[in-house]
Amino acid sequence: MQQQKYVEMLEQHGVKPTANRLLVLAVLCEAEHPLSLKEIEGRVASIDKSGVFRTLSVFRNHHLIHVIDGAENGVRYELCHNHTDDADNDLHLHFFCENCKKTYCLETPIPNVYLPEGFEARYGNYIIKGICPKCGKR
Numbered sequence: 005m006q007q008q009k010y011v012e013m014l015e016q017h018g019v020k021p022t023a024n025r026l027l028v029l030a031v032l033c034e035a036e037h038p039l040s041l042k043e044i045e046g047r048v049a050s051i052d053k054s055g056v057f058r059t060l061s062v063f064r065n066h067h068l069i070h071v072i073d074g075a076e077n078g079v080r081y082e083l084c085h086n087h088t089d090d091a092d093n094d095l096h097l098h099f100f101c102e103n104c105k106k107t108y109c110l111e112t113p114i115p116n117v118y119l120p121e122g123f124e125a126r127y128g129n130y131i132i133k134g135i136c137p138k139c140g141k142r
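Heads up, the sequence shown is in the numbering used here, so the first residue is 5 and it goes up one at a time.
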């Protein structure tokens with residue numbers, strides 16, 4: 005049942021559903037927070053690092069995932085919730101906990117940023133760093 009859902013998601017974004025792409029998509033769909041390349045690679049042992057990276061590149065080019073720069077320990081990847089392959093309409097804030105080192109998606113849109121004339125924004129990334137609620141209770 006889930007497999008058909010993943011095939012439909014890929015096709016909706018203009019991505020040919022291959023075995024590797026379905027495996028990586030399943031990992032991203034089941035993740036509770038954005039994952040690093042190493043974390044994704046560890047969850048799909050049947051695909052090598054370069055195969056995972058190529059799959060993530062295809063997903064990014066088709067607006068199926070967000071790439072979160074600036075998170076501790078490198079880049080993180082998360083599933084987009086937009087329904088098109090030509091634009092990111094699911095940009096939102098992220099929070100990095102300095103204690104547990106997890107990156108969380110916040111359902112808060114990125115604030116409007118006014119750029120000087122001649123500048124054209126293509127992608128935005130907004131990370132707030134601090135302590136998450138779970139770590140704050142300790």
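All C-beta atoms in this analysis are idealised placements derived from N, C-alpha and C, irrespective of residue type, glycine included.
{"Check": "For Cys136, three-class secondary structure by DSSP", "Outcome": "coil"}
{"Check": "Buried or exposed by the 16-neighbour rule on C-beta atoms within 10 Å, applied to Thr59", "Outcome": "buried"}
{"Check": "Expected contact under 8 Å - CB spacing of Tyr10 and Pro38 to nearest Å", "Outcome": "At roughly 19 Å, the Cβ-Cβ gap does not stay under 8 Å, so Tyr10 and Pro38 are not in contact."}
{"Check": "First and last residue of the uninterrupted alpha helix (DSSP H) at Thr59", "Outcome": "Lys53 to Asn65"}
{"Check": "Proximity winner among Tyr118, Cys136, Cys109 and Gly46, relative to Glu102 (alpha-carbon distances)", "Outcome": "Cys136"}
{"Check": "Assigned exposure category for Val117 - 16 Cβ within 10 Å defines buried", "Outcome": "exposed"}
{"Check": "Per-residue burial, Leu32 [other beta carbons within 10 Å of its own, 16 or more giving buried]", "Outcome": "buried"}
{"Check": "Proximity to Ala62 [Cα-Cα], best of Tyr108, Ala125 and His17", "Outcome": "The sequence given here places Val at residue 62; Ala does not occur at that position. Residue His17 is the option with its Cα nearest to Val62."}
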